[in-house]
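Only one structure is covered here, and it is reproduced in the block below.
Residue numbers (UniProt numbering): 1 to 406.
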């Protein structure tokens, strides 16, 4: 996110001596994307940021993936899932491909371990709850409706003030605002549905309560040739030792209430609802809004075939007009895969005529490679959903044997 910030103390010139009141040098760290060719920030540490004294295996939660085969639309009921109450280690894998993973967790109120995702950026949607995310850049407050954006390799931990339902989108890439909303220098343009004032970054440095802490563990998620793995790294000093930083790379929050929906005379396609993008996927949000004002408008979506993408809708508020009669409710996910034409339930089309306003909230992830079901997606499926457009299914109902790994 190319929007410059300075937090805490930094020297007048980069890469020059910067000392504490006792004359000791601070240790400068460049945290940058794409080598030295994209956004970056400079952080000034009291301790050596690369000083590790141990590295052990961290066994990740179940990462099993099951292909969507035979091909079907799916309805996943996330509120039926039970999770461990830790915002990091309690995440259960719902959907995944080689570009992005979607996980879900219901936290308690204990702080998570220190954690770093070295694979890609994380965009965590806060379905319910509030608290803080402590990072090497400082502290972010979060609340219901926030997207919490955490850049790749940012050491952080979640500190819920109350139990929180978190919907984690973990990329293998960076996540940023859509390019069409940005000037060539990175400023959000006038036609963008949000602006820099809506992005809330850390407001001050975060120093560990015990500055002399040693042997501090950080859970690191990373890649090997064999796939995604975890390492438990032990640092000689506490990572929260940054006295100041500046640059254009840092964590921030953005609340969906600050998103200004784009509407039109007739039904607008999903790209007008886009809020972020990563490599081979986009994130959109559908929010309460006035709808189409042509006298013959059909406000609910037309049927459409996603020939290049899988569409994942997470229903988080209101009453979603197009899905009436399907069993979908708040806390549901619908997966409409490429190769399957989908759209509103038949009765919803006539029922929507003449509507002037939709009270609905949903977070959508569209991927440009097929999604597999994670173990939580398999556990949370409503097997009747695929047949709801026709009103009947195959003789004997759904076949649970479709979830074979063969």
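Glycine residues also receive a C-beta, built at the ideal position from the N, C-alpha and C atoms.
For residue 283, the enclosing beta strand (DSSP E) has its first and last residue at 281 to 286. Here the alpha carbon of residue 129 sits roughly 28 Å from the alpha carbon of residue 97.
Approximately 13 Å separates the beta-carbon atoms of residue 326 and residue 76; this is outside 8 Å, ruling out the contact.
Non-local beta-carbon contacts of residue 94 in its own chain, meaning distances under 8 Å to residues more than five positions away in sequence, involve 76, 78, 102, 103, 104, 333, 373, 374, 376, 377, 380 in chain order. It is roughly 11 Å from the alpha-carbon of residue 337 to the alpha-carbon of residue 304.
Under the 10 Å beta carbon count, residue 233 is surrounded by 16 or more other beta carbons and is classified as buried. Within the UniProt domain "Homogentisate 1,2-dioxygenase C-terminal" (298 to 389), the complete alpha helix (DSSP H) segments at least 4 residues long are 346 to 352, 375 to 379, listed from N- to C-terminus.
By the C-beta density criterion, residue 45 is buried, having at least 16 other C-beta atoms within 10 angstroms. When C-beta atoms of the region 236 to 253 are compared with those of the region 41 to 55, three or more pairs fall below 8 Å, so the two segments count as touching. Residue 260 counts as exposed, since fewer than 16 other beta carbons sit within 10 angstroms of its beta carbon. Annotation: the continuous beta strand (DSSP E) that includes residue 217 extends over 216 to 224.
A straight line joining the alpha-carbon of residue 262 with that of residue 272 spans about 6 Å. Between residue 355 and residue 316 a beta carbon distance of about 20 Å is seen, past the 8 Å cut, so the two are scored as non-contacting. Per the coordinates, the alpha-carbon of residue 154 lies some 7 Å from the alpha-carbon of residue 117. Annotation for residue 106: the continuous beta strand (DSSP E) segment containing it runs 100 to 106.
Secondary structure at residue 10: coil, using DSSP grouped into helix, strand and coil. DSSP lists 123, 252 as the beta-bridge partner residues of residue 149. Of 349, 351, 344, 145, the smallest CA-CA separation from residue 73 is found for 344. Short of 7 Å from the beta carbon of residue 205, and not among the five residues preceding or following it, lie these beta carbons of its own chain, in chain order: 7, 8, 138, 242, 243, 244.
Per DSSP, reduced to three states, the secondary structure at residue 80 is helical. By the neighbour-count definition (other C-beta atoms within 10 Å, threshold 16), residue 36 is an exposed residue. With a cut-off of 8 Å on Cβ pairs, the region 185 to 198 is not in contact with the region 215 to 228, counting fewer than three such pairs. Taking each of 144, 3, 199, 231 in turn and checking the Cα distance to residue 58, the smallest one comes out for 231. By the 16-neighbour rule on beta-carbons within 10 angstroms, residue 224 is exposed.
Going by C-alpha positions, residue 142 is about 5 Å away from residue 131. When the Cα atoms are used, residue 324 and residue 347 turn out to be separated by approximately 8 Å. Residue environment analysis places residue 120 among the buried positions, since at least 16 neighbouring C-beta atoms fall within 10 angstroms of its C-beta. By a beta-carbon distance limit of 8 Å, residue 207 contacts residue 240. Their separation comes to about 6 Å. Separation of the CB atoms of residue 115 and residue 88 is rounded to 5 Å, and the pair is thereby assigned contact status at 8 Å.
In this model, residue 275 and residue 366 are separated by some 12 Å (Cα to Cα). Of the candidates 61, 383, 14, 172, the residue whose Cα lies closest to the Cα of residue 277 is 172. For the set 369, 300, 313, 314, the Cα lying nearest the Cα of residue 350 is the one of 300.
Residue 179 sits in a helix when the DSSP states are folded into three classes. Ranked by Cα distance from residue 253, the first of 19, 270, 144 is 144.
Annotated three-state conformation of residue 197 is helix, per DSSP.
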